[in-house]
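Everything below concerns the one structure shown next.
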Amino acid sequence: MICIHQLILILLSTFIVVTKCEDPEVTLPYGKIRGVYTKTIRYRKPFYAFLQVPYAAPPVGKLRFMPPQPVQPWTGILDTKQNNKACHQVGKTASYISEDCLYLNVYTPVAPGTNSNLPVLVYIYGGAFIHGSLWFGTLQPQNPIEKDVIVVLLNYRIGPLGFLSTEDDVIQGNMGLKDQLFVLKWVNENIHLFGGDANKVTLMGQSAGAASVTYHILSPQSKGLFRAAVAESASALCTWAYQRNARQTAYGLAVEIDSNFGTNRSSAELLEFLQSVDVSKIDGTADKYKEFAPVIESLHPDAFITEPMYETIKTGNINKVPLLIGYCSEEQIFHANDMANWKKFIEKNYRNPKNLVNQDMNVQDMATKETIGEQIQNVYTTDSLADEPGKAIQFSSDNTYVRPVIRFAELQSWLTDVFLYQFSYHGIIGNNNATVDGVPGRVAHAEDVRYFWTYFKNYSEFPEEDVRTVDRYLGLITNFIKYLNPTPEHEEIFENILWPKLTSSEMQYLDIDKSLMVKQHPREFSYQKWVDIYNQYATGTLITY
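Letter by letter, the sequence shown follows residues -21 to -1, 1 to 524 in mature numbering (1 follows the signal peptide of the UniProt record, and there is no 0).
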C-alpha cells in the first residue's frame, strides 16, 4: 500500500482523514523498485517519481555499439529516488557521464498499482544526436503531471556510442534509436504497474528528439507501440538528422585513436578494436566527427530503418498515427546574439550560392547547382545572403528546421490527422532577447519547450501573458495526448478556436502568439518556393528535404 489512511472521529459525525504517505514500491519483472512521493510546486498535486530505473543491460564491453539487451534481474529493492547518470556526450566531460546510462524515469500522478489507465507521454530529448540527457530530479515533468498525464523520460546513447556505423551488420548503427525502441517496449509491458494505459502512449520529442519521433513513425519496428506523436522543431527529413559516409567516419575515428589501425581492416576487426579501447579515447576523438546521426541500415532482423526517409513517407509506408508538429517563428535567430561570428560564418558559407543547395538534391552539374543556389538566394533577398545577416538567419531557419518540418507534416497529412503549429509568442520564459532588422520572428529554437515543461518554481514572477501561454501550450498538447485532438471542444483558454487538421490544399496551421489564430500557408514567403525548386531540380531518390 502507498498510503495508510486513519479515520479519526472528531466531535459528533465529522471525520478527518489523516494520511501518512510512504515511499512507493513497484514490482517489475526484473525486481522491485522504490521511488519517492512528492507534490508539484504550482498546484501541490501529489505524484510519485521513480528515477534511474534500468531498462536495458549496461552497453559496455562486448555490448558497446550493439543493440540494447535485456536488463539483468536484481534481488532486494532497488532505490530509485534520485538520478545522476547521462550518456557520453561529444566534446563534454562530467562526473555524471557514464557508459552505463540506459535508465528511465517514471512520474505518475496516481498511486502505483491503481487501475487508472492514464495516458502516457514518453519524451525524447534533443541535442543534435551528440548531446543531451533526461532531466535529473522531479521538477521539469510537473506541468503535464498536473494534467493527469504519466511522464516517462529516458536516456539513449548519442554520439559515436549511439550512432557509429560500418554500414553493414557488424556495427549496424542507430543504437540510440533502438534504445528508444527498447523503452517503448518497456512502457508497453510495464506502464500499467504505474497506473498507465499501454494503449494510450504518445511519443514526443524536440529537435533531435523530434527527428527521432518521426523516425519511429517511419520504422516498422515501432509499429503498435504508440498511438500518437508530437514533434517540436525537427523531422527525419532534416539534413542533419541523417549521417552520410558513416563507414568512413567509423574508420577515421579508429585511426585518430591509433594511427597504426589500417583502413583496409574488416568491420569485425574495427569493432573488436573499438570495444577494447577505453571510452575516454573515443570521447577524445569524437569531437572531430560531430555528424553522428541515424543511418539507413542494411537489411537484417534488427534494422530500424532500411529505406530513404522521404520516399518512405511519400509512399505512405509508415505507422499511421496522429501527429502534432511545429516549429518556432525564427528558429535560428539566436545567431543574432553573436552577430560578429554569424557574419563570419555566412561570409564563409553563403557567399557562393552553390553552397546553399542541399546535397541530397543529387545535383552534380555545377552550372545547374549555381542556378539553383541563386534561386534559393532570391527567395530571401536580391543581394547575396552573405551581405544580409537577417535574411541569412531566415534561410538557415528554413534550411535547418522549418522546411523539413512543414514537408513532413504535409506528406503525413495525406495519411493521418496532422496538426501543424508555429510558436510565435515572445516572452520572458523563452529566455531569448535576440532581434535583427528585417526579421519579424523573435522565437528561437527550443523556446517552445520552456512553455511546456516546468522550468521555474514560481510562475507568479512572470507576466500574465507568459503564464497564459504556458497554460495554453500545455493544454493543447495534453489535450492531444488525451483525446488525439488539441481542441476537442470550444474552451475559453484557447479563445474558443478549433484547431483544424492540416490539408495540402488548405495548409492551415495554428499560430501560437499572444492570441491564438488559425492561418493558412505556413512560412508563406518561402516554403512553396522551396517546394517548386525541389520539384524542378531534385533528381534521383530523395532521402531528406
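Every residue gets a Cβ at the ideal spot worked out from N, C-alpha and C, and that includes glycine.
- Within a 10 Å sphere around the beta-carbon of Ala213 sit 16 or more other beta-carbons, which makes this residue buried.
- Rounded to whole angstroms, the gap between the alpha carbons of Ser255 and Val69 is 19 angstroms.
- In terms of Cβ geometry, Arg43 and Ser144 do not form a close pair [threshold 8 angstroms].
- Looking at the DSSP output, Asn84 sits in a beta bridge with Leu132.
- Secondary structure of Lys60 (DSSP, three-state): coil.
- With a minimum length of 3 residues, there is no unbroken run of beta strand (DSSP E) contained wholly in the segment 241 to 278.
- Straight through space, the alpha carbons of Arg451 and Ser392 are spaced by roughly 24 angstroms.
- For Lys179, the enclosing beta strand (DSSP E) covers residues Gly175 to Gln185.
- Ser191 and Glu326 have their alpha carbons spaced roughly 32 angstroms apart.
- Asn411 is positioned such that its CB atom lies no closer than 8 angstroms to that of Phe324.
- Under the three-state reduction of DSSP output, Tyr22 falls in the coil class, being neither helix nor strand.
- By DSSP's assignment, Gln487 forms a beta bridge with Gln499.
- Annotation: the continuous beta strand (DSSP E) that includes Glu211 extends over Ala207 to Glu211.
- Taken in chain order, the unbroken stretches of alpha helix (DSSP H) that lie wholly in the segment 321 to 389 and span 4 residues or more are 345 to 359 and 368 to 376.
- Look at Glu286 here: in three-state DSSP terms it is coil, with no helix or strand label.
- Put simply, of Gly369, Asp396, Thr360 and His195 the residue whose alpha carbon is nearest the alpha carbon of Asn298 is His195.
- In the DSSP annotation of this structure, Lys461 is not part of any beta strand (DSSP E); the continuous alpha helix (DSSP H) holding it starts and ends at Glu443 to Tyr462.
- As summarised for the segment 99 to 170, the continuous beta strand (DSSP E) elements at least 3 residues long and confined to that stretch are 129 to 133, given in chain order.
- Note on geometry: alpha-carbon atoms of Ser245 and Val234 lie some 14 angstroms from one another.
- With contact defined as three or more Cβ pairs closer than 8 angstroms, the segment 369 to 386 and the segment 303 to 310 are in contact.
- Around the beta carbon of Trp53, fewer than 16 other beta carbons lie within 10 angstroms, which makes this residue exposed.
- Using a C-beta cut-off of 8 angstroms, the segment 332 to 340 makes no contact with the segment 465 to 481, since fewer than three inter-stretch Cβ pairs fall below that distance.
- Boundaries cannot be given for Glu309, as no alpha helix (DSSP H) includes it and DSSP labels it neither H nor E.
- Taking the Cβ atoms as the reference, Thr523 lies roughly 5 angstroms from Leu216, within the contact range of under 8 angstroms.
- Boundaries of the alpha helix (DSSP H) around Leu232: Ala225 to Ile236.
- Note that the segment 272 to 280 touches the segment 143 to 158; at least 3 beta-carbon pairs, one per stretch, sit closer than 8 angstroms.
- In the DSSP assignment, Val397 falls within the beta strand (DSSP E) that extends over Val397 to Phe402.
- Under the three-state reduction of DSSP, Thr54 is assigned to coil, being neither helix nor strand.
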